[in-house]
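In the numbering used here, the protein residues as written are 80 to 325.
Here it is in structure tokens:
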């Protein structure tokens, strides 16, 4: 009898069981790809090894390629909903709305984007223990790399659209704010991923990204002692906590 959480009725812990099934499928797909190449095994053989049905596999993944890369269907909907619910609130946001302006809490936006990136990374089934398996699969099938790059580019554009919608951004200047916010977090994610994929790394990705983000904030924080450059350029009357764009 197959353990087939993809066909079980909703129950307590079902989301956890479904995630474990996805992770087992991804881990097995990576191992088989590293050993035999993508053409060296079938979806049925993958499912038999994990103990799930083909139906469950296709509930989660569109192809073997997606299983190897960890691109599961619709798994981040809850994370996106949490991100969308996190926009600036309170008197400052209400005042901005009344004035027809978008009021953005930049620190909160960056933190929430980083949390969304971590959730996306986690859903791909990447932990320090899984890194060698993932890299071995990519080395055996380098044709998967362009798909990985395209996915990253598509996610960046998706995140920009989410920021625009969440913050109620409309004008060209507003949209530039979304582009910059996503570009900042994207750069920090890539830097953190470089550290994560080092062979000797034992730290989880979220810990590395939090540390990288904290370093970036220290460098950019206007409250820090001014350098000679920003002593000449900083406008002391500019608000430091909220940015309101017309």
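Note that CB positions come from ideal geometry on N, CA and C, so glycine has one too.
For residue 203, there is no enclosing alpha helix (DSSP H), as DSSP marks it with neither H nor E. With a 10 Å radius around the Cβ and a threshold of 16 neighbouring Cβ atoms, residue 138 comes out buried. In terms of Cα proximity to residue 237, the closest of 272, 209 and 199 is 199. In the structure shown, residue 131 falls within a coil segment according to DSSP collapsed to helix, strand and coil. Comparing alpha-carbon positions, the option among 117, 209, 284 and 264 lying closest to residue 102 turns out to be 209. Of the residues assessed, residue 151 falls on the buried side of the cut-off, its CB having 16 or more other CB atoms within 10 angstroms. When the Cα atoms are used, residue 157 and residue 271 turn out to be separated by approximately 24 Å. Collapsing the DSSP output to three states places residue 147 in a helix. The C-beta distance from residue 129 to residue 107 rounds to 5 Å, short enough to fall under 8 Å. Bounds of the alpha helix (DSSP H) holding residue 252 are 251-275. The C-beta distance from residue 207 to residue 283 rounds to 6 Å, short enough to meet the 8 Å contact threshold.
Contact annotation, residue 109 with residue 213: C-beta distance approximately 6 Å; criterion of less than 8 Å satisfied. By the 16-neighbour rule on beta-carbons within 10 angstroms, residue 299 is exposed. The DSSP-derived three-state label of residue 281 is coil.
Excluding its 5 nearest sequence neighbours in each direction, residue 147 has C-beta neighbours in its own chain below 6 Å: 108, 109, 112 and 216, listed in chain order. Separation of the CB atoms of residue 135 and residue 160 is rounded to 24 Å, and the pair is thereby denied contact status at 8 Å. Out of 145, 278, 98 and 261, the CA that lies nearest to the CA of residue 222 is found in 145. One alpha carbon belongs to residue 278, the other to residue 286, and they sit about 17 Å apart.
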